[in-house]
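All residue numbers for the sequence shown refer to numbering that gives the first Met the number 0, where the first residue is 0 and numbers rise by one.
Following: one structure in structure tokens, then a few remarks.
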Amino acid sequence: MTAHGATAAPPPAVSFAGHGVRVRGLRRAFSGRVVLDAVDLDIAPGEFVALLGASGSGKSTLLRAVARLDPHAEGGLDVPERRAIVFQEHRLLPWSKVWRNVTLGLSGPGLRARALEALTEVGLAARADAWPTTLSGGESQRVALARALVRTPELLLLDEPFGALDALTRLKAQALVARLWTQHRPAVLLVTHDVEEALLLADRALLLADGKVAEEFVIDIPRPRSLDHPRFATLRRRL
Ligand code: ADP
Ligand code: MG
């Protein structure tokens, strides 16, 4: 690993309690077919990590395990309690208004105000009372981001969240995620097959292959980033 300031340095083990992510020897097989063999993965508090890999390499399986959504994943898993996940398909409930989708599963007073605050952050406060079916794909993903934000996650898990968006909408969504991460600094694990997206957003990129983290690249380019940066040409060739 190259020198890269505080966020990418290997964090001391004590700093993980409830804040960062530590995965050791994670294994997952489906009907005897091993998808994740022995995955080791650390994410420091506030660090942005991108997970690359071919289709079918197990990226979503790994993300689900880290989200503790997979009871059959085996191995050591230390993840923050407060975490949120955004999938490629927004998974909004069509029969609930936008703001209710944002606070889905939460209870207590002031839910609408909390939803409005999160929707403001993604630029969609004006659509709070709209039905999800009236939103565009990009807007729906921003609502899904608001639903994650409202939980003030220490860990934000993103599974190809922009994969279904057109190029311009995707660029705007990437810029939004960059801004939200800068403001709130959750640890992020972003699954993507888009190398440029990893280079634009992440502190580190990992490559998942043969059930393991096969490669790791530190992306030591200052933010805000532009794809014109000369370092991108070399990094892109290596990834
Ligand atoms: P990726 O997200 O990298 O494209 P996935 O994690 O979705 O890959 O899948 C990795 C492999 O595990 C694939 O071969 C997929 O078919 C298999 N797989 C994923 N989920 C299941 C499941 N519920 N049952 C059986 N096989 C699965
Ligand atoms: Mg996937």
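Glycine is no exception: its CB is placed at the ideal position from the N, C-alpha and C atoms.
- The Cβ-Cβ distance between Gly24 and Asp39 falls below 8 Å.
- Placement of the Cβ of Phe29 at a distance of less than 7 Å from at least one heavy atom of the ligand ADP is found.
- Minimum Cα-Cα distance from Val20 among the listed residues Pro79, Arg67, Leu51, Arg111 corresponds to Pro79.
- Leaving aside the five residues that flank Ser95 on each side, the residues in its chain whose CB is nearer than 8 Å to its CB run, in chain order, Leu103, Pro131.
- Closest option to Val217, judged by alpha-carbon separation, among Arg126, Leu226, Ala204: Ala204.
- Between the C-alpha atoms of Val101 and Arg150 there is a straight-line separation of about 9 Å.
- Unbroken beta strand (DSSP E) stretches of 3 residues or longer found wholly inside the region 78 to 137: 82 to 85, given in chain order.
- By the Cβ-count criterion, Phe29 is exposed, with fewer than 16 other Cβ atoms from all chains shown falling within 10 Å of its own Cβ.
- Scanning Val176, Val85, Leu155 for the CA closest to the CA of Glu120 turns up Val176.
- Asp36 places its beta carbon 8 Å or farther from that of Lys171.
- Linking His192 to Leu144 through their CA atoms gives a straight-line distance of about 19 Å.
- Boundaries of the alpha helix (DSSP H) harbouring Glu196: 194 to 200, taken from the DSSP string.
- Of Leu156, Asp165, Leu167, Val194, the smallest CA-CA separation from Trp180 is found for Leu156.
- A residue is called buried when at least 16 other Cβ atoms come within 10 angstroms of its Cβ; Arg32 does not meet this threshold and is exposed.
- Of the residues Ala213, Leu92, Asp209, Leu199, the one whose Cα lies closest to the Cα of His228 is Leu199.
- In this chain, Leu61 is not harboured by any beta strand (DSSP E); it is covered by the alpha helix (DSSP H) spanning 58 to 65.
- Between Leu188 and Val65, the C-beta gap is smaller than 8 Å, which places the two residues in contact.
- Rounded to the nearest angstrom, the gap between the Cα atoms of Ser139 and Leu62 is 21 Å.
- Between the region 67 to 87 and the region 220 to 235 there are fewer than three C-beta pairs closer than 8 Å, too few to call the two in contact.
- Cβ atoms of Ala114 and Trp98 come within 8 Å of each other, at about 4 Å.
- Here Pro93 is not near Ala186, since their CB atoms are 8 Å or more apart.
- The three-state reading of DSSP puts Leu68 in coil, since its state is none of H, G, I, E or B.
- Just so you know, the alpha carbons of Glu46 and Glu195 end up roughly 18 Å apart.
- Note on Gly109: under 16 other CB atoms within 10 angstroms of its CB, so exposed under the neighbour-count rule.
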